[in-house]
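Its first residue numbered 12, the first sequence is counted upward by one per residue in our numbering. Glycine is no exception: its CB is placed at the ideal position from the N, C-alpha and C atoms.
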Amino acid sequence: MPELNAPQAEAAAHTDGPLLVFAGAGSGKTRVITFRIANLLSQHRVPPYRILAVTFTNKAAGELKARLEHLAGADVTRDLWAGTFHSVCARLLRRYHEEAGLGPRFVIYDESDQKAVISRLLKERGLDDRRMPPRWVLSKIHAQKREGHGPDDLDAQTGFDAEWLDLFKGYQKALHASNAVDFEDLIVLAMRVAEDPESAAGRDLRERFRYVLVDEFQDTNITQYRLVRALSASSRNLCVVGDDDQSIYRWRGADVRIIRGFRRDFPDAQVVKLEQNYRSSANIVKAALGVIAPALEREPKQLWTDAALGEPVRIRTVPTERDEAAFIVRTVRAELLRGVDPKGIAVFYRVHAQSRVIEEALRAENVPYQIIGGMRFFERAEVKDLVAYLRLIDNPKSDADLLRVINVPARGIGDKTVDRVLGAAAERSLSAFEALSALVREGALTGAAKTKLCGFVELMAGLAGAAPGLLPSELAGHVLEATGYRSRLREEDSAESDARLENLQELIGSIREYEEGAAARSEPPTLSGWLERVTLASAVDAAKDVPSISLMTVHAAKGLEFTTVILTGLEEETFPYRGMDSDGIDDLEEERRLAYVAVTRARERLFITHAEARTLFGRTSYKLASRFLRDLPDEAVVREGVQRTPYLSSSPRDLDDEYSPPPRPRAPAWQAAVDQARARMGTARPGERVIDREAFDDLGDADAVAIRPGDRVRHKQFGRGVVERVEHDGSVTVVARFPGHGSKRLRAEYLEPA
DNA sequence: TACAAGCGCCTTTTT
DNA sequence: GGCGCTTGTA
């Protein structure tokens, strides 16, 4: 490992009292943290279990440990506390669950579980979920919880909607009854225990760590800050590292003012600034400085480099997002050709929705890629079903999980029966499963409902009985057998059911991976342990170590670096993004910092694209260049123009269309294109795809020749497929096979040629 | 009960 | 443009 420079060494070696490190982008922050911990361990003989390092992703924690292993040895780093706020809190709460009012095997509800809880509450109260959208209710709840407020604190205050407040109360009650917590609870509950002046647990927590380090401190929220202050209360050895220019999580409660105000809270804090960038070429650093310079409020600091100029930043203007995708493919190809490791190449976008077109282009050209984030795997129905069974075995009180699986696979327990169970649960203040068991025990049921529910209770009892003797992965397999889930899918025997079985197999594989990892750490593998890891995994944590380029949002790119970065969609409204309610200056400031983060990820080459027209969320609009492009200094960039007239690309035929329009005249033609596009959109009925439908109808009129076995088609839901059979009986019915969905009988008008 | 179609919804960023 | 819920049908 290379030597540290003077400020880095100072930050690493400083041991006693509060320490604030302003770490500019690419200034070797990770090295500083690593050295600091190594120093504490070896020079100051601090036991590893008395050091807490809060990182931004679990992957970062893993890498930190891996590096320390080289410096200090494996047995030392094993006991180090390193992880994200959420995973550290989960771990602490497993120990102090009683003080936090939780059972030992509490589960963590993710966003969809939370939404299900709210939806149920709305239904119970007879509230309209359009007037009270669960998303909105939840975001308000979370905002309050991040400030450290519970529903009871808000009671006295006016200004809170009574219905919402009642939902907040109901939500907390429901989570508690389910022995479940959400992401905010993890922080807040740990914070409350740690701040409690009376309890032994509180004292214990405040004494537990002699050194606390927090990375990416600019993205800390109030409760997280209170937590680390409490945890370092007795030692006062709190070291925070961050960069206010890279604060990009305001929307999730992070408050830049915390890092900016740290010196006020800790007047004796030592402050170190790391300002030399070791990561990027001088041109990239210049570009980054150009982007961040107009920011209104900054901690004074000057990022500099003595690296060579390197290649200029290339700004490419393209007509549409498809041309952008084509440019990305060409650029990636060229980079690979010049020998860049695919792992060193990344494509960034502001919102996930931009990835689809890029993916299609890469796939068509056989360029291997992986998408970071999106988390699609764990959102699949069959995966969620199995996870729900496992969570229910682990924690039978979890109503959200019970409701998910009580009739999956279908076992004749209908909505009415479920409502009765829920009613009984509400009446007796029990969880749904407890109420269900009670009803069965008391013989309060009759007829079909009785046998079905008894069967379900017995099934779950059997699974719970088997659980202790099995590894989590074995239990998962057993669940699939005992519930009939697997045999049901086998019987179905379609391409779709095969795909589901494969997904379930992959899930079991992921549990095995966890078990192996646990064995390597000589920990016992537990169901709770795996479930927790799955729920708290970050987008980056899920990245595979494979030779492929990476696609991700700029948020996901935080803390990473790449040889070559292609930053896309630099248009007003796209980046800076403008949502429905964002118009405040604070939002714009955060977008600017986000752009700064994006630019500073690149080591050697940075390409920036800007499309003149973009179709996003099914809507085409014409775009002005992003204001951030204007802020890039001319001497560090080259701007490359557009060759083609923008056109409205709404037909798949455009993909292989060799159409090349005449060179672009100036304003009038541009205006004509805009008008034409608007007129076209204006006359189309909602959801109607003018060009495709006409093309297909024409074929339909020609009848028999229109569509034949072997033709490639596209269906709204099933995607691309191949026609197997065509039936003409008044209307045209097509049997087509869709990879992942099997053979489907569909009416021809719902297919498009592909 | 299962499947297909229709409809309305949303569309930032994430632990 | 896609998803999930609801509706309609066999």
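Proximity below 9 Å, CB of residue i to CB of residue j
i      : j      : result
Ile270 : Leu31  : yes
Ser782 : Phe273 : Since the first and last residues shown for the chain are 12 and 765, residue 782 lies out of range.
Lys40  : Asp226 : yes
Arg102 : Gly94  : yes
Leu512 : Arg523 : no
Glu346 : Thr574 : yes
Arg136 : Gly181 : yes
Ile404 : Leu538 : yes
Arg78  : Ser533 : no
Leu300 : Leu285 : no
Pro18  : Gln287 : yes
Gly35  : Ser291 : no
Ala622 : Glu335 : yes
Glu600 : Ser632 : no
Arg612 : Leu581 : no
Phe179 : Ile152 : yes
Thr564 : Ile369 : no
Glu393 : Tyr496 : yes
With 16 other Cβ atoms within 10 Å as the buried cut-off, status of residue i
i      : result
Ile596 : exposed
Ser243 : buried
Pro330 : buried
Ser150 : exposed
Gln365 : buried
Pro58  : exposed
Glu526 : buried
Gln155 : buried
Cβ separation of residue i and residue j, assumed to be a contact under 8 Å, to the nearest whole Å
i      : j      : result
Val610 : Ile295 : 7 Å
Ile44  : Leu15  : Not really, about 11 Å apart at Cβ, beyond 8 Å.
Ala201 : Cys100 : 4 Å
Leu138 : Glu174 : 7 Å
Gly480 : Gln281 : Not really, about 54 Å apart at Cβ, beyond 8 Å.
Collapsed DSSP secondary structure at residue i in the structure displayed
i      : result
Thr328 : strand
Arg47  : helix
Gln125 : helix
Phe618 : strand
Tyr360 : strand
Gln287 : strand
Ala188 : helix
Arg136 : coil
Tyr588 : strand
Val343 : helix
Ala510 : helix
Thr575 : strand
Gln281 : strand
Phe628 : coil
Gly520 : helix
Ala436 : helix
Thr307 : Looking at the sequence shown, residue 307 is not Thr but Leu. Note: Leu307 maps to coil in three-state DSSP.
Val57  : coil
Glu14  : coil
Asn406 : coil
Ile198 : helix
Leu482 : coil
Leu63  : strand
Bounding residues of the beta strand (DSSP E) (the contiguous stretch that carries residue i)
i      : result
Ala442 : Here residue 442 turns out to be Ser, not Ala, going by the sequence shown. Ser442 -> no beta strand (DSSP E), and no H or E assigned at all.
Gln313 : Segment: none, Gln313 is in no beta strand (DSSP E) and carries neither H nor E.
Phe220 : Careful: Phe220 lies outside any beta strand (DSSP E) and carries neither H nor E.
Gln381 : Tyr380 to Ile382
Arg650 : Val648 to Glu651
Arg349 : First-last for Arg349: undefined, no H or E at that position.
Val252 : Leu249 to Gly253
Val32  : Leu30 to Ala34
Leu474 : No beta strand (DSSP E) contains Leu474, which is instead part of the alpha helix (DSSP H) from Gly458 to Ala477.
Extent of the continuous alpha helix (DSSP H) to which residue i belongs
i      : result
Ser561 : Not the alpha helix (DSSP H): Ser561 falls in the beta strand (DSSP E), residues Ile560 to Thr564.
Leu82  : Asn69 to Ala83
Ile596 : Ile596 to Val610
Leu103 : Phe96 to Arg106
Val368 : Ser366 to Ala375
Ile152 : Pro145 to Arg157
Val557 : Note, Val557: premise wrong, no alpha helix (DSSP H); not H, not E.
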